[in-house]
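Protein sequences appear in the order of chains V, Y, B, D and S.
Mapping the first sequence onto my numbering, position 88 (from 1) lands on 71, and the numbers just tick up by one.
Numbering-wise, my numbering comes out as the position in the second sequence, counting from 1, plus 14.
Numbering-wise, my numbering comes out as the position in the third sequence, counting from 1, plus 4.
Numbering-wise, my numbering comes out as the position in the fourth sequence, counting from 1, plus 51.
Numbering-wise, my numbering comes out as the position in the fifth sequence, counting from 1, plus 5.
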Amino acid sequence: MNLLSDPVGVSHYLVVGALLFTTGVVCMVVKRNALGVLMGIELVLNGANVNFVAFGSPVLRGEQASLLGLDGQAMALFVILLAAAEAAVALAITLNFYNNHATVDVDRADDLKG
Amino acid sequence: MAEYLIQTVGLPEWLTWSLMAVLSAVLILNLMAGGALVFIWAERKVSARIQDRLGPTRTGGSFGWLQSLADGIKLLAKEDLMPEGADGMLFRVAPYVSFCASFAAFIGLPFAFDMVGLRLNVGVFYVVAVLGLEVFGVILAGYASASKWSLFGAMREAAQVVSYEVPLGMCIVVPVMLAGTMDLVTIGEKQAGWFTNWYLFHDPFTFVVFWVYVTCAVASVNRAPFDLAEAESELVAGFHTEYSGLRWSFFFMAEYSSMFLVSGLAAVLFLGGWNGPVPLATLAGLSEGTGETTGALVRLLGLANLLGKATLGVLIMMWIRWTLPRLRIDQVMTTCLKYCTPIAAAMFAGAMVWLWVFPGGVLNLDDGSRRPGEIREGWLEGPGGRAPAAATAPASIPAEEAVAEVAG
Amino acid sequence: MMQALVATHTLLAAGSPGINWHGFFFLLFALLACGLALAVVLADNVVRMAFYLVLSLGATAGLFFLAGAEFVGAMQLMIYVGGTLVLLIFGVMLTAQEPFVAIRTSTRDKVLAGVVGGALLAVLLQAALTGPAWSGHTAVDASAGVSQPTATPLGMALVGVRVDGDVASGQPSPVDGQVRSGYLLPFEIVSVHLLVVLVGAAYLARTKRRKSSASVRDEALTGVVR
Amino acid sequence: MSQVIDDDPRIIEFDVRTDEMLVNMGPQHPSTHGVLRLVLRTDGEVVSEIEPHIGYLHRCAEKIGENISARQFIPYTDRMDYLAAMNMNLGWSLAVEKLMRHQVTEKARHLRVLISELSRIASHLVGMGAYGLDLGTFSPFLYAFREREKILDLFEEACGARLTYSYITVGGLTADLPPGWLARCEDFLNQFEPVIREYHTLLTTNAIFVKRTASIGVLSPELAINYGCSGPVLRGSGVDQDMRRDGESIYTAMYDGYAFEVAVMKDGHYPRDHVYPAVPHDAVLGDCWHRFFVRMLEVVQSMDLVRQAIDRYSACKGPLGEPVKVAEKIPVGDVYLETECPKGQMGFYLVGNGTAIPWRVRARSSSFSNLSVLAELCHGCLIADVPAIVGSLDIVMGEIDR
Amino acid sequence: MRGPAFLESLEAAVPGGVVGTNLEAIDPWVEVAPQAIAEVSRWLHDAPETAFDSLQCITAVDWFEPDPKKAAKAGWEPHVELVYHLWSTRARVSLVLKTKLPRWKDGQPGQCPEIPSVVGVWRTADWHEREVFDLSGVQFVGHPDLRRILCPEDWEGYPLRKDYEMPLEYHGIRGR
């Protein structure tokens, strides 16, 4: 199949989702700044969301989408909500970490090392 | 018009559609820019009259009509300064972020029946969400300016706008609940008829909620007495302390257009939108669907109605600004969290109960709206009212296969 | 003239021959989303990272609108972008000082991450491109699809009633004859979860004020007079 | 958790460690009333410490005074409190007259009362308008200036100047009033009286104004006295002191026979000579609201005094009397005299050595002492309160820096 | 309590504090020994019958005649005189304290003469003493933060001294 010549379909969305997901993972790995890691997580969740929406989209899948009904979109909604919640908790942890260590560098969080 | 171009002039279809898109974008943009010019002039005149002055009197005749234009030219000619130590990219991009956010929000706002950039079935939600992005540019500007005053302004704006979105959302939910849809066109259309059909007068709760909305709207667009982000007597000029020239004017335009936007939103949600207090067109037996020319005229009347209401809202904001002192940041937050949010929540519950007790409403003296079937067929239910073809078609893929797909 | 405004909403979905607008906007938003995501990884400054992230998420919201999920798109704009906004603020507050603006990563880590990321991407793309059923476009009437309402069914589903086939009423979906359950339980769980998170986050990052400003003021006054 | 060990009770400690920031407010800032520079140490929006830096407008007025004769010094007093130049002229003239044991004519005495009280109204109008500006409302400022312009018009007719008058001078006044002036002054007062109600509506009783000023910057009477505060700042704290009544005899003699009640809260209420708005519930004696309110009362009080002065002045027959010669010798000795200026007690100290030129000139400025209390008032307040407190002190930098 | 009785109680409270008086002057004054100024101030502030709770002004007068011819006729030795104007808000009376200091400490020009600070008695003395230090060059011992207040921190000389000469240049700005 050829992505460039085909009309936009689920595959296209999956590719975008995969790219977002991968960048998110790389971001989580690469960043030493706790906030950067957090942003990586956001990207990962966002990539997953793209997939959910694509699978549940009636535009992209036509009648096939009705197999999933609203599940795709509802799942995406829940992911968004949980991502927001996760961001809040992660930020609180970062803040606490910053209070204790005066830095947001995650490599310095080695208190549990023997 | 698109059809006219395609059929009569014989333009290729893609060009026509592109032209149409550009045209509507230009219309909205001009509405914003032109509106900002008019409102800046009006602000000067209104403030002058309030303060026992004359205001601009020379540029462009005795009323200073062209004053804002002259100001604009001056701003264009002004040097765009950037402080040393500023984050150059973010500093440059911040005004445009603000401006784009308020521009994009206009896409969802209907100006008259059926006259909307993009009719979304989540229209009101979209408008509020995009409007909330305006704060983003402000925060970027505050951070990127490398000035402490800017940073203070940005932090205040962030705290304020994020907080005020909660009661603002709750206020907006009330008309959405009454209309049963988030589609702004439908919400406006449901208030057709005499002014008693307006959601403002629907029940006592909506009446209160309207004033909470006004408070929150003023706060969320940073107008006095909630203009803490720029608070010139405390923070010099707040987030735009370091801005000058054209970039500054973009912030300015964004401020005025979001003022206009929240006023327009208030008009659609509470004040009947494009429906005048007296249903003139209906009384004359006309409606948007009556015919090409008459329909256009009726729409123009609706447009005038909505613009008038929105302008009135903007003028009231100016009146407030030139009358009241500024609140302190903790008082602004108290107003939001201790007063606006609980009141909005209580009024929401009240309106819900009212709707349950009087499902038909009590003040609907006369339903002077258009007779169904003229044009509203399929419109009142929102853009998805017409059942999509795909939904009616029988399923072609067996369920097992679909599950397998997802799992795979 | 003014119908031009009206015309735009059909424009996106028009799918007129000549230019495939759907494809064009998809390409635009997809490139924006991916490019800005990449920029998040490459940027050093935490505020810029957050800026790119917000734009990336906004572009994704555009993709959602294109896929007909308007409610999710608006939700994405409001919650995700708004939430990240708060993230940005914290980023500014915590790390606006010089030493924290850019914490650099060693090249070794970068290379390693690149390899792992490349491998992951390869696997994911493989999965994305090989699913036969996903690639086929069913050439739906896009204009109808885009404006299909999603907010009401979603809202109904969240409170437990499925308009597309409801388990409570035992009514099968008119489309595929299936009976589906609503999301009342997940919805409630998420609500409680949010509450817990709210309390937890407030506890973790609490601001304790030792002395109220009023008492300090009084003390200062008496101290001077004494 | 960060545990900053602090002995200083003024430090407000948070568990979230936020960094303190030093912020320069001024010398170019909209609400520091001139070239005042305040260095704020802030933790977020909370100000933990504030340090005023002054001297940007220092012109060595005292040194200049040691090189010119006493009457030549009058224009320099104009430039101290340039918003109430008449009162400055009066203070210096009285101090020199005290040393010279010079007695002005009865007519000059009443004219001085008339002019200086009118000047007090003008000064308080600026203070009031600028205070509104500090709190973010622009319109009262212009309403105040509109009325002040009318007073300046009157002054211009009397002495030819609108800001630096040099009208009251050693030994009298430079000129008598032009014909018809008194009638125009009456007209102004009659027109001005109802306008005060507008000010009360826009500011004094405005809910937001009260919220911004009540219980903010509370100055206890002990602290006010200890810091040498004077004028409305002192009276706003409930200290019953007004040099027009309590000062030295050469000054109080000027007000002999005038009926006025000092604008201060006694036994829980302000003078009831006119109808004033009620004190809001959350206002505490000594806060910004009371300082502002005292000024508003003094405007009315000064109007009464002007009316009385008009009557007495027009009853006086005979000449105004000539001021002393420019090169008049000053006797040996030193005197100090404080007069009640709009901003507070302005003191002039003068040492004469028998020549026309004073050996030493000293100007004790009321704003100088009033400003020095700022650091005490701003502990733990918010940034937005700083302009509110500075504005309530109603300072003029020309007078502080001299 | 006026005049002699007041002086007696002051003398009793701070022995050796009062050096001289002039009750006939327009503003009667009491001359105080420089080292006793803080004690005298404390007593004046605290004693209930006097209660000079307010310090209005501190002035330094430089008694110095640069012209040697005039100096011979002056009739006084060069010195710096500090004048404290006190005010009692309760009794509504004023009091003038004077104290004489040498122009320079140990006779070395540039060395400011020293006197105890009265900041502990009246907080307003903080800025007033700073101003006197700034313009007239008197060192107040015990002042918490004795810096220049009106002149820039790096200004040289004490402008209100009679022998003060404006610097030729200040940071590239011509002075004379």
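Glycine residues also receive a C-beta, built at the ideal position from the N, C-alpha and C atoms.
Taking Cβ positions, are residue i and residue j nearer each other than 7 Å?
{"i": "Ile153 (chain Y)", "j": "Ala172 (chain Y)", "result": "yes"}
{"i": "Thr129 (chain S)", "j": "Leu28 (chain S)", "result": "no"}
{"i": "Val315 (chain D)", "j": "Arg286 (chain D)", "result": "yes"}
May I have the straight-line CA-CA distance separating residue i from residue j, to the nearest angstrom?
{"i": "Lys368 (chain D)", "j": "Lys158 (chain D)", "result": "7 Å"}
{"i": "Lys88 (chain Y)", "j": "Arg166 (chain S)", "result": "52 Å"}
{"i": "Phe239 (chain D)", "j": "Leu214 (chain D)", "result": "19 Å"}
{"i": "Arg92 (chain D)", "j": "Ile434 (chain D)", "result": "10 Å"}
{"i": "Gly183 (chain D)", "j": "Val228 (chain Y)", "result": "24 Å"}
{"i": "Ala31 (chain V)", "j": "Asp54 (chain V)", "result": "14 Å"}
{"i": "Cys350 (chain Y)", "j": "Asp241 (chain Y)", "result": "14 Å"}
{"i": "Ser14 (chain S)", "j": "Val23 (chain S)", "result": "11 Å"}
{"i": "Ala67 (chain V)", "j": "Val119 (chain B)", "result": "30 Å"}
{"i": "Val402 (chain D)", "j": "Ile115 (chain D)", "result": "14 Å"}
{"i": "Gln80 (chain B)", "j": "Gly7 (chain V)", "result": "17 Å"}
{"i": "Val377 (chain D)", "j": "Ser217 (chain D)", "result": "13 Å"}
{"i": "Leu65 (chain V)", "j": "Val203 (chain B)", "result": "15 Å"}
{"i": "Asp58 (chain S)", "j": "Leu91 (chain S)", "result": "8 Å"}
{"i": "Phe69 (chain S)", "j": "Ala77 (chain S)", "result": "11 Å"}
{"i": "Met22 (chain V)", "j": "Leu57 (chain B)", "result": "7 Å"}
{"i": "Ala238 (chain Y)", "j": "Trp336 (chain Y)", "result": "8 Å"}
Could you have a look at residue i and say whether DSSP puts it in helix, strand or coil?
{"i": "Val124 (chain S)", "result": "coil"}
{"i": "Leu155 (chain S)", "result": "coil"}
{"i": "Met129 (chain Y)", "result": "strand"}
{"i": "Leu379 (chain Y)", "result": "With a pLDDT of only 48 at Leu379 (chain Y), under the threshold of 50, the placement of this residue in the model should not be trusted; the figure read from the coordinates follows. Three-state DSSP puts Leu379 (chain Y) in coil, outside helix and strand."}
{"i": "Asp297 (chain D)", "result": "helix"}
{"i": "Met397 (chain D)", "result": "strand"}
{"i": "Val269 (chain D)", "result": "coil"}
{"i": "Leu39 (chain S)", "result": "As written in the sequence, residue 39 (chain S) is Pro, which differs from the Leu given in the question. Looking at Pro39 (chain S) - three-state DSSP - the assignment turns out to be helix."}
{"i": "Asn421 (chain D)", "result": "helix"}
{"i": "Arg88 (chain D)", "result": "strand"}
{"i": "Gln65 (chain Y)", "result": "coil"}
{"i": "Thr94 (chain S)", "result": "coil"}
At a cut-off of 6 Å, would you count residue i as near the ligand ATP, judging by its Cβ distance to the nearest heavy atom?
{"i": "Ser234 (chain Y)", "result": "No copy of the ligand ATP appears in this structure; indeed no ligand is present at all."}
If contact means a Cβ-Cβ distance below 9 Å, which residues of the segment 238 to 260 of chain Y contact chain C?
Looking for chain C here will not work: the only protein chains present are V, Y, B, D and S.
Taking a Cβ distance cut-off of 7 Å, strictly less, list which residues of the segment 225 to 239 of chain Y are near chain B, in chain order.
Those residues of the segment 225 to 239 of chain Y placed with their C-beta closer than 7 Å to a C-beta in chain B do not exist.
The segment 168 to 187 of chain Y contacting the segment 308 to 328 of chain Y, beta-carbon criterion three pairs below 8 Å
Not touching, per the Cβ criterion.
What residues in the segment 136 to 153 of chain D have a beta carbon less than 7 Å from any beta carbon of chain S?
Cβ contacts with chain S come from Lys149 and Leu150.
Please list, in chain order, the residues of the segment 70 to 91 of chain B that have any C-beta partner in chain Y closer than 7 Å.
Using a CB distance below 7 Å, the part of the segment 70 to 91 of chain B facing chain Y consists of Glu74, Phe75, Ala78, Leu81, Met82, Val85, Gly86, Leu89 and Val90, ordered along the chain.
Any C-beta of chain Y within less than 8 Å: which residues of the segment 430 to 445 of chain D qualify?
Of all residues in the segment 430 to 445 of chain D, Leu433, Ile434, Ala435, Asp436, Val437 and Pro438 have a Cβ within less than 8 Å of some Cβ in chain Y.
Near-chain D residues of the segment 332 to 366 of chain Y - C-beta to any C-beta below 7 Å:
Residues passing the 7 Å Cβ filter: Trp336, Thr337, Leu338, Pro339, Arg340, Leu341, Arg342, Ile343, Asp344 and Gln345.
Within 8 Å, do at least three Cβ pairs link the segment 340 to 349 of chain Y to the segment 253 to 263 of chain D?
Using a C-beta cut-off of 8 Å, the segment 253 to 263 of chain D makes contact with the segment 340 to 349 of chain Y, since at least three inter-stretch Cβ pairs fall below that distance.
The segment 307 to 321 of chain D in contact with the segment 102 to 122 of chain S per 3-pair CB rule at 8 Å
Three or more Cβ pairs closer than 8 Å define a contact, and the segment 307 to 321 of chain D falls short of that threshold against the segment 102 to 122 of chain S.
Determine contact between the segment 93 to 101 of chain Y and the segment 277 to 288 of chain Y, defined as no fewer than three beta-carbon pairs at a distance below 8 Å.
With the cut-off at 8 Å, the segment 93 to 101 of chain Y and the segment 277 to 288 of chain Y do not touch.
At a Cβ cut of 7 Å, what residues of the segment 255 to 266 of chain D count as close to chain Y, listed as they run along the chain?
So the list reads Asn257, Ile259, Phe260, Lys262 and Arg263, given in the order they occur along the chain.
For the segment 18 to 49 of chain S, enumerate the residues whose C-beta is nearer than 9 Å to any C-beta of chain D, in chain order.
Residues of the segment 18 to 49 of chain S with a C-beta less than 9 Å from any C-beta of chain D: Ala30, Ile31, Asp32 and Trp34, listed in chain order.
Can at least three beta-carbon pairs, one atom from the segment 199 to 216 of chain Y and one from the segment 247 to 254 of chain Y, be found at a separation below 8 Å?
Counting Cβ pairs under 8 Å, fewer than three are found: no touch.
Determine which residues of the segment 26 to 57 of chain B have a Cβ less than 8 Å from any Cβ of chain Y, and write them out in chain order.
Within the segment 26 to 57 of chain B, the qualifying residues are Asn49, Val51, Arg52 and Phe55.
Counting pairs of Cβ atoms below 8 Å between the segment 172 to 183 of chain D and the segment 141 to 151 of chain D, do you hit three or more?
Contact between the segment 172 to 183 of chain D and the segment 141 to 151 of chain D is absent, because fewer than three Cβ pairs lie under 8 Å.
Determine contact between the segment 76 to 91 of chain D and the segment 100 to 116 of chain D, defined as no fewer than three beta-carbon pairs at a distance below 8 Å.
Flag = yes, the segment 76 to 91 of chain D and the segment 100 to 116 of chain D touch.
Is the number of C-beta pairs between the segment 339 to 349 of chain D and the segment 275 to 290 of chain D that are closer than 8 Å three or more?
For the pair of segments examined, the segment 339 to 349 of chain D was found to touch the segment 275 to 290 of chain D: the number of CB pairs separated by less than 8 Å reaches three.
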